[in-house]
Amino acid sequence: MRSDDPRCVHLEAAGWMVVSQSWAAQVTASSVDHEVLFEAVQRARHHGDVREVEDGDLESVLALDSVTLADYPGGVATRHTPLTTSTARVTPTRRGFGVFDGGGRALAITYLDVDGPAAETDFTVVAAPFRGLGFGTAVKAASLLGLLREGVDVFRTGGAEGNSAILHANQSLGYVVDEKWLTLSPRSDAETR
46 MRSDDPRCVH LEAAGWMVVS QSWAAQVTAS SVDHEVLFEA VQRARHHGDV REVEDGDLES
106 VLALDSVTLA DYPGGVATRH TPLTTSTARV TPTRRGFGVF DGGGRALAIT YLDVDGPAAE
166 TDFTVVAAPF RGLGFGTAVK AASLLGLLRE GVDVFRTGGA EGNSAILHAN QSLGYVVDEK
226 WLTLSPRSDA ETR
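What the sequence shown shows, in the working numbering, is residues 46 to 238, in sequence order.
This is the structure we're talking about:
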C-alpha cells in the first residue's frame, strides 16, 4: 500500500512489519529534456545499436530475460514476470527497446505498456557484464523518444527502493518520484518471541 495510507500506522502497531519498499515516478512530454534523452542514447551507441525490439530479436530478448530473472531486487510489489514469446513481441500497446551488440545479442531491454497517451514501464534490465555503462538509461531514453513521437504524453515507472541504479537512471531522464509504497507482512510467531 502507499506509504501515506493511514492503515500503515495501524498495521505496524498491530505487529505487521515492512518487508520491502518501492517507488513510482512520472515524467510528462512537457517536462522532458530532449537533449538529455539524445545524449543518453548516443553514449550507449558506442557499444551497440539502440533501437526498438523487432520480431527477429525475440530469441535474444528471451535469453537475456532468462539469465537475469534472479537479478530483480525487492519483493512481491516489484517482482518481474518472465517473458514469453507472446509478451516479448512488440505490438501497438506493448513496446520494447533495447541495446543490441553487433551479433544481435540483447545487452539491455525495457518494455512498456501503452494505453493511448500514457505509457507505463513494465521492466528494465541490463546484462550483468554491461551494468554501469548507462545502458538502462539509454533504453529508457530511447523508449521516451520513440513514444513521444507517437503522441504519448505521460510516462510512469517504478521500482524497488533497493535498486538505486534504476532510480538514478530514471531521475536523470526527468522522472520525478511521486509515490512510495510499502509491502507489509504479519510477524510470524518466531519473530515476536
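Even for Gly, the Cβ is constructed at its ideal location relative to N, Cα and C. All values derive from a computational prediction rather than experimental measurement.
Give the straight-line distance between the Cα atoms of residue i and residue j, rounded to the nearest whole angstrom.
i	j	result
Ala-85	Gly-60	45 Å
Asp-78	Phe-180	18 Å
Leu-56	Thr-228	11 Å
Phe-175	Leu-109	12 Å
Gly-204	Val-64	15 Å
Trp-68	Trp-226	6 Å
Thr-237	Ser-230	Residue placement at Thr-237 cannot be trusted, given a pLDDT of 46 that sits under 50; the coordinates are not used to answer.
Ala-235	Val-121	At Ala-235 the pLDDT is 32, less than 50, meaning the model places this residue with poor confidence; the figure from the coordinates comes in the next sentence. Looking at the two C-alpha atoms, the distance is approximately 22 Å.
Leu-157	Val-171	15 Å
Gly-147	Gly-207	32 Å
Val-197	His-213	23 Å
Phe-83	Leu-193	13 Å
Ala-58	Gln-66	18 Å
Asp-223	Thr-202	10 Å
Kindly list the residues whose CB is nearer than 6 Å to the CB of residue i, restricted to its own chain and excluding five residues on each side of it in sequence; keep chain order.
i	result
Thr-138	Val-159
Leu-232	One detail in the question is off: residue 232 reads as Arg in this sequence, not Leu. Answer for Arg-232: Gly-60 and Met-62, listed in chain order.
His-125	Tyr-117 and Phe-168
Glu-165	Asp-158 and Arg-201
Thr-113	Val-170
Ends of the beta strand (DSSP E) at residue i?
i	result
Phe-168	163-171
Asp-160	151-160
Asp-94	94-97
Ser-230	221-231
Can you list, in chain order, the residues of its chain with a C-beta nearer than 8 Å to that of residue i? Leave out the 5 residues immediately preceding and following it.
i	result
Gly-219	Val-72, Ser-76, Val-77, Asp-78 and Val-81
Gly-101	Gly-149
Gly-191	Glu-97, Arg-140 and Phe-142
Val-106	Val-98, Leu-128, Ala-133, Gly-141, Gly-143, Ala-151 and Ile-154
Ser-217	Val-81, Ala-85 and Thr-182
For residue i, report the span of its alpha helix (DSSP H) as first-last.
i	result
Leu-82	79-89
Ala-59	Looking at the DSSP string, Ala-59 is not in any alpha helix (DSSP H), and its letter there is neither H nor E.
Phe-180	180-194
Practice problem: Tell me, please, whether the stretch 83-98 touches the stretch 186-205 by the rule of three or more beta-carbon pairs shorter than 8 Å. | Solution: yes
Quiz item: Okay, do the stretch 96-111 and the stretch 131-146 touch, 3+ Cβ pairs below 8 Å being the bar?
Solution: yes
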